[in-house]
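**Student:**
Residue numbers (the numbering used here): 8 to 461.
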């Protein structure tokens, strides 16, 4: 049972207590005119019984049959019936008011004690990922919630829209079918957040309407979600490079609106606090965004948890279409190079970045001992289309030719960890993927986007 539901039951029992006080008041006015008051007293007893039956049915519906509290409610109803029958037609001078009041009080106390002790509170926790490839920033937290016997955890992938040049919504994307098989998915149209009011909501998209490339539906903006939960938690989808984080990421709406923000280290926590305090001071709203020491929690990154778990398990499923590229005809395995291309580098280097990709592909195309595993940032294509439209068709032609020639691997899957663990070396841009790759202790080389590879 949810905490709010249990609280409603306890408040309902308090209402019964108030009804008892009214009955007691009627009984203790003395025997004079008690006969005239008796129908009213009996009516109140009947109302208490009906109310208790309804309450018992509610508990049984939520907690199942045979719940101890329901048993005490049944005893209470029997006591009410007994009192009703006893005073029905009885001479007013024989009615024992004190005895009746004690019986009612004793029965109600038993129900209240059982409700407090025997009704277990279950938390309802909701995870709202939007990009399946970023699920790793939530997975270890979800696993803990899933394994908690007092918790009901729901994974609800939400759609997102591409934004047009004027920032209006364009094509909608939904990736709910791209999550691991062991993650049960709840449809975003099935679960009504405003009605369910989950105890905790975890988010991975902190931008609300700040992002010029994509947007989740406005009902999932953090300023809206905050109205429907007592605990909004932001889990960053990235890992700060060398424990550094840019100011922008510290003051996005999701950070400011969240009740808790989970960060990878104490150093990153301090950066968030410093930048939020700077924002508050500049906008004359010191203290507006809460107790920052309690709000920003350096509990580590779930992304790091997941890559360690995958490495320890040693279980990697290699797609059949990859195997012909990874293994030579004699069965010997080639060295796999993970090639990571990012949004930030593309926006900075523009045409030079396109030329760099071409030169890298040309180099690896000739290699017989290495195979390239090219994994672009999941939003790279949309970003080029929106922010660098003159480069879009050239980039898409490169991708199309690479896939058609079929000499390397093009990985658009949601499973980043597979690429990290399977590969033998990293090549590409600085990004949070580098921080994940460091865990593997394998070679890392950062590309110079202005220098063509030969």
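Each residue gets a CB set at the ideal place from its N, CA and C atoms; glycine is no exception.
Quick check: what's the CA-CA separation for residue 383 versus residue 66?
**Tutor:** Going by the C-alpha atoms only, they are around 52 angstroms apart.
**Student:** Quick check: what's the CA-CA separation for residue 62 versus residue 16?
**Tutor:** Roughly 7 angstroms between the two C-alpha positions.
**Student:** Taking residue 91 as the reference, which of 52, 125, 33 has the closest Cα?
**Tutor:** Here the closest residue by C-alpha is 52.
**Student:** What residue from 447, 443, 451, 389 has the CA that sits closest to residue 435's CA?
**Tutor:** Selected option, being the one with the closest Cα: 451.
**Student:** Could you compute how far the alpha carbon of residue 325 sits from the alpha carbon of residue 237?
**Tutor:** Roughly 42 angstroms between the two C-alpha positions.
**Student:** Say whether the segment 129-148 touches the segment 414-426, bearing in mind that this needs 3 or more beta-carbon pairs closer than 8 angstroms, one atom from each stretch.
**Tutor:** With the cut-off at 8 angstroms, the segment 129-148 and the segment 414-426 touch.
**Student:** Do residue 379 and residue 346 have their beta-carbon atoms positioned less than 8 angstroms apart in this structure?
**Tutor:** In contact: residue 346 and residue 379 (Cβ atoms closer than 8 angstroms).
**Student:** Classify residue 186 as helix, strand or coil using the three-state DSSP reduction.
**Tutor:** Three-state DSSP puts residue 186 in coil, outside helix and strand.
**Student:** If we count the other Cβ atoms within 10 Å of its Cβ and call it buried at 16 or more, is residue 179 buried or exposed?
**Tutor:** Exposed: under 16 other Cβ atoms inside 10 Å.
**Student:** For residue 268, which of 446, 292, 309 has the nearest alpha-carbon?
**Tutor:** With distances taken between Cα atoms, residue 268 lies closest to 309.
**Student:** Quick one: grab the DSSP three-state call for residue 452.
**Tutor:** Here residue 452 sits in strand by DSSP.
**Student:** Which residue wins for smallest C-alpha separation from residue 359, given the options 84, 300, 454, 186?
**Tutor:** Among 84, 300, 454, 186, the Cα nearest to that of residue 359 is on 454.
**Student:** For residue 301, which of helix, strand or coil comes out of DSSP?
**Tutor:** It is helical.
**Student:** With a threshold of 16 other CB atoms inside 10 Å of the CB of residue 458, please say whether the residue is buried or exposed.
**Tutor:** Exposed, since its Cβ has fewer than 16 Cβ neighbours within 10 Å.
**Student:** Whose C-beta lies closer than 6 angstroms to the C-beta of residue 135 among residues of the same chain, with five residues either side of it excluded?
**Tutor:** The residues are 163, 165, 210.
**Student:** For the segment 371-409, list the alpha helix (DSSP H) runs that are entirely contained and at least 4 residues long, ordered along the chain.
**Tutor:** Fully enclosed alpha helix (DSSP H) runs of 4 or longer: 387-394.
**Student:** Tell me which same chain residues have a C-beta within less than 8 angstroms of the C-beta of residue 282, skipping the five on either side of it?
**Tutor:** Taken in chain order, the residues that qualify are 254, 257, 258.
**Student:** Going by DSSP, what residue range makes up the beta strand (DSSP E) through residue 179?
**Tutor:** That run of the beta strand (DSSP E) goes 176-180.
**Student:** Might you give, ordered along the chain, the residues of its own chain that have their beta carbon closer than 7 angstroms to the beta carbon of residue 24, omitting 5 neighbours on each side?
**Tutor:** Cβ within range, chain order: 115.
**Student:** Going by beta-carbon coordinates alone, are residue 376 and residue 342 separated by less than 8 angstroms?
**Tutor:** Cβ atoms of residue 376 and residue 342: closer than 8 angstroms.
**Student:** For residue 248, tell me which candidate among 185, 270, 260 has the shortest Cα-Cα distance.
**Tutor:** Considering only alpha carbons, the answer is 270.
**Student:** Could you tell me which residues DSSP puts in a beta bridge with residue 22?
**Tutor:** Answer is none; residue 22 lacks a bridge partner.
**Student:** Let's test the definition: count the other Cβ atoms within 10 Å of the Cβ of residue 212 and tell me whether it reaches 16, buried, or not, exposed.
**Tutor:** Buried is the call here.
**Student:** Checking 8 angstroms against the spacing of the C-beta atoms, do residue 174 and residue 221 come in under that value?
**Tutor:** Going by C-beta atoms, residue 174 is not nearer than 8 angstroms to residue 221.
**Student:** With the cut-off set at 8 angstroms, would you say residue 204 and residue 19 are in Cβ contact?
**Tutor:** Not in contact: residue 204 and residue 19 (Cβ atoms no closer than 8 angstroms).
**Student:** So, using beta-carbon positions, are residue 118 and residue 60 closer together than 8 angstroms?
**Tutor:** Result no, Cβ atoms of residue 118 and residue 60 do not sit closer than 8 angstroms.
**Student:** Select from 449, 55, 193 the residue whose C-alpha is nearest the C-alpha of residue 88.
**Tutor:** The option with the nearest alpha carbon to residue 88 is 55.
**Student:** Suppose the cutoff is 7 angstroms on Cβ atoms and the five residues either side in sequence are ignored; what does the same chain contact list for residue 82 look like?
**Tutor:** Excluding residues within five positions, the ones whose Cβ falls inside 7 angstroms are 114.
**Student:** Can you name the residues that DSSP bridges to residue 267?
**Tutor:** BP columns for residue 267 point to 240.
**Student:** Give me, in chain order, the residues of the same chain whose beta-carbon lies closer than 7 angstroms to that of residue 149; leave out the 5 immediate sequence neighbours on both sides.
**Tutor:** Taken in chain order, the residues that qualify are 134, 160, 162.
**Student:** The beta strand (DSSP E) with residue 169 in it runs from where to where?
**Tutor:** Per DSSP, residue 169 belongs to the beta strand (DSSP E) from 167-170.
**Student:** According to DSSP, simplified to helix, strand and coil, what is residue 146?
**Tutor:** In the structure shown, residue 146 sits in a helix (DSSP, three-state: H, G or I).
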